[in-house]
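Residue numbers (my numbering), protein chains in the order written: chain A, 326 to 388; chain B, 806 to 1087.
Every residue gets a Cβ at the ideal spot worked out from N, C-alpha and C, and that includes glycine.
Read the structure below first, then the notes.
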């Protein structure tokens, strides 16, 4: 496996997250309700922390 | 050209699955009355709407293809294809079951249905199946990276938590996406048909949706780790291992369904009709 290929699942998860964020912004604007964006920062905390830790671990492994 | 076992396996499994998708797609779009598809407009952002559907299926397929590439590089063609089709069939059948049981009044309350999709697998859009595959693979990988010395059951549990924490946000957003559509009468990507007064909700979404998400991701990863570990494949051979893996999917679906039914039946009455942190009040 090439060096950068191990980051693929993390990049895909970030793309996934950003895609939902785009929809959340659209809904927040349409309904004039910022809850959809607040929820995106609070509810997926385990998801965001896991991605961050995995990313750091992969970088450390590389060095 | 001589094909090796893994390539033949990919062809055979694809030949089994492709006709199901073709027939489901034709039935959904041309004969919606066969499965009682509700006549509800989904959220669209581009006209004509078929372009919107094609773009969505294409983007999801590209992401899935990238994950498949990662899988082939890390676990080989055979295991990756088992994971791909296993995830699609496991999550697909689980969702189809709930959608159709709810639609034909075979559950205590109505359930849900999807409003848009290009390609279909019976009652769910293919992009949903592929998203399940992508999330299950990536969350499991993240779990393995964070806890390299733990076993597959622990990885499956952590992957379930990671995935469901994201779904706590995905569901409320997607259910409300109709308000951002170019058509004023659009519903969300999927619609919960039941009366909120009959269920326990979190962020205005039925709580058992999240329990189901967690169980499907975790149990599928446990099944994959159990049936397709390298030692077992070496002892039993690839064909037998695949038969065990796919053969156990209905058993695991039955386990998931039973847990959800039991949890639903034993929900304390004081929770029925409660919405913990309604999305509108957050």
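**Message:** With a threshold of 9 Å between beta carbons, is residue 1006/B in contact with chain A?
**Reply:** Locating residue 1006/B in the second chain gives position 201, counting from the first residue. Cβ-Cβ to chain A under 9 Å: no for residue 1006/B.
**Message:** Taking the straight line between their C-alpha atoms, what separation do you get for residue 1102/B and residue 921/B?
**Reply:** Since the displayed chain B opens at 806 and closes at 1087, residue 1102/B lies outside it and no answer follows.
**Asked** Would you call the segment 896 to 916 of chain B and the segment 866 to 879 of chain B touching, i.e. three or more CB-CB distances under 8 Å?
**Response** no
**Asked** Which same chain residues, not among the five before or five after residue 1045/B, have their C-beta less than 6 Å away from its C-beta?
**Response** Translated into positions along the second chain, residue 1045/B becomes position 240. For residue 1045/B, where only same-chain residues beyond five positions count, there are no Cβ hits under 6 Å.
**Asked** Count the other CB atoms within 10 Å of the CB of residue 1039/B; is the residue buried (16 or more) or exposed (fewer)?
**Response** Looking up residue 1039/B in the second chain gives position 234. With fewer than 16 other Cβ atoms within 10 Å, it is exposed.
**Message:** On the CB-based measure, 16 or more other CB atoms within 10 Å of its CB, does residue 1059/B come out buried or exposed?
**Reply:** For this step, residue 1059/B is matched to residue 254 along the second chain. Classification for residue 1059/B: exposed.
**Prompt:** CA-CA distance, residue 340/A and residue 865/B?
**Reply:** The residue given as residue 340/A occupies position 15 in the first chain. The residue given as residue 865/B occupies position 60 in the second chain. When rounded, the distance between both Cα atoms is 11 Å.
**Item:** Cβ-Cβ distance between residue 851/B and residue 951/B below 9 Å
**Value:** On the second chain, residue 851/B is found 46 positions in, with the first residue counted as 1. On the second chain, residue 951/B is found 146 positions in, with the first residue counted as 1. No; because the gap between Cβ atoms is not below 9 Å, this pair is not in contact.
**Message:** Could you check whether the segment 887 to 905 of chain B touches the segment 977 to 994 of chain B, counting it as contact only if at least three pairs of C-beta atoms, one from each stretch, sit closer than 8 Å?
**Reply:** no
**Asked** Interface residues of chain A around residue 946/B at Cβ under 7 Å?
**Response** Within the second chain, residue 946/B is the residue found at index 141, counting from 1. What residue 946/B touches in chain A: 334.
**Message:** Considering Cα atoms alone, identify which of 1047/B, 1013/B and 1082/B is closest to residue 754/B.
**Reply:** In this structure chain B extends from 806 to 1087, so residue 754/B is not present and cannot be described.
**Contact with chain B by residue 330/A, beta-carbon distance below 9 Å** = Taking the first chain and counting its residues from 1, one reaches residue 330/A at position 5. Residue 330/A counts as touching chain B.
**Asked** So does the segment 1005 to 1021 of chain B actually touch the segment 964 to 973 of chain B, counting three or more Cβ pairs closer than 8 Å?
**Response** yes
**Request:** Could you work out which residues of chain B lie near residue 384/A, taking near to mean beta carbons separated by less than 9 Å?
**Result:** Sequence index remark: in the first chain, residue 384/A carries index 59 (1-based). What residue 384/A touches in chain B: nothing, since even the nearest Cβ is about 11 Å away.
**Request:** Please state whether DSSP places residue 1071/B in a helix, a strand or coil.
**Result:** Within the second chain, residue 1071/B is the residue found at index 266, counting from 1. Correct three-state label for residue 1071/B: coil.
**Message:** Taking beta-carbon pairs under 8 Å, can you tell me which members of the segment 349 to 363 of chain A lie near chain B?
**Reply:** 349, 351, 352, 354, 355, 356, 358, 360, 361 and 363
**Asked** Since residue 978/B meets chain A, which of its residues come closer than 7 Å, beta carbon to beta carbon?
**Response** Your numbering for residue 978/B matches position 173 in the second chain. Within 7 Å Cβ-Cβ: 345, 348, 349, 352 and 361.
**Asked** The beta strand (DSSP E) spanning residue 918/B covers which residue range?
**Response** As a first step, residue 918/B is located in the second chain; it is residue number 113 there, counting from the start. That run of the beta strand (DSSP E) goes 917 to 919.
**Item:** Where the alpha helix (DSSP H) through residue 827/B begins and ends
**Value:** Here the question's residue 827/B lines up with position 22 in the second chain. It spans 810 to 835 - the alpha helix (DSSP H) in which residue 827/B sits, taken as one unbroken run.
**Message:** What ranges does the alpha helix (DSSP H) occupy inside the segment 917 to 966 of chain B, keeping only unbroken runs of at least 4 residues that lie completely in it?
**Reply:** 931 to 951
**Prompt:** Per DSSP, what kind of secondary structure is residue 862/B in: helix, strand or coil?
**Reply:** The residue you call residue 862/B lines up with position 57 of the second chain. The answer is helix: DSSP assigns residue 862/B an H, G or I state.
**Message:** If the criterion is Cβ atoms closer than 9 Å, does the pair residue 916/B and residue 998/B meet it?
**Reply:** Position 111 of the second chain, counted from the first residue, corresponds to residue 916/B. Position 193 of the second chain, counted from the first residue, corresponds to residue 998/B. Result yes, Cβ atoms of residue 916/B and residue 998/B sit closer than 9 Å.
**Message:** Assuming residue 996/B is part of the beta strand (DSSP E), what are its boundary residues?
**Reply:** Translated into the one-based positions of the second chain, residue 996/B becomes position 191. Per DSSP, residue 996/B belongs to the beta strand (DSSP E) from 995 to 997.
**Request:** Note down, in chain order, every chain A residue with its Cβ under 8 Å from the Cβ of residue 981/B.
**Result:** Along the second chain, one-based indexing puts residue 981/B at 176. Here the neighbours are 352, 356 and 361.
**Asked** So which residues of chain A does residue 875/B contact, with C-beta pairs closer than 9 Å?
**Response** Here residue 875/B corresponds to residue number 70 of the second chain, with the count starting at 1. Chain A residues near residue 875/B: 326, 330, 331, 333, 334 and 337.
**Message:** Please classify residue 981/B as buried or exposed, where buried requires at least 16 other C-beta atoms within 10 Å of its C-beta.
**Reply:** Within the second chain, residue 981/B is the residue found at index 176, counting from 1. When all chains shown are included, residue 981/B counts as buried.
**Message:** Please report whether the beta-carbon of residue 973/B lies at a distance below 9 Å from any beta-carbon of chain A.
**Reply:** Position 168 of the second chain, counting from 1, holds the residue named residue 973/B. Output row for residue 973/B: interface = yes.
**Item:** Where residue 1006/B sits in the DSSP three-state scheme
**Value:** By 1-based counting over the second chain, the position of residue 1006/B is 201. In the structure shown, residue 1006/B sits in a strand (DSSP, three-state: E or B).
**Asked** How would you write the range of the alpha helix (DSSP H) that residue 349/A sits in, first residue to last?
**Response** Stepping through the first chain from its first residue, residue 349/A is reached at position 24. Run containing residue 349/A: 333 to 356, per the alpha helix (DSSP H) assignment.
**Prompt:** By the criterion of Cβ-Cβ separation under 7 Å, what are the contact partners of residue 934/B in chain A?
**Reply:** Looking up residue 934/B in the second chain gives position 129. Result: empty, since nearest Cβ-Cβ is about 15 Å, beyond 7 Å.
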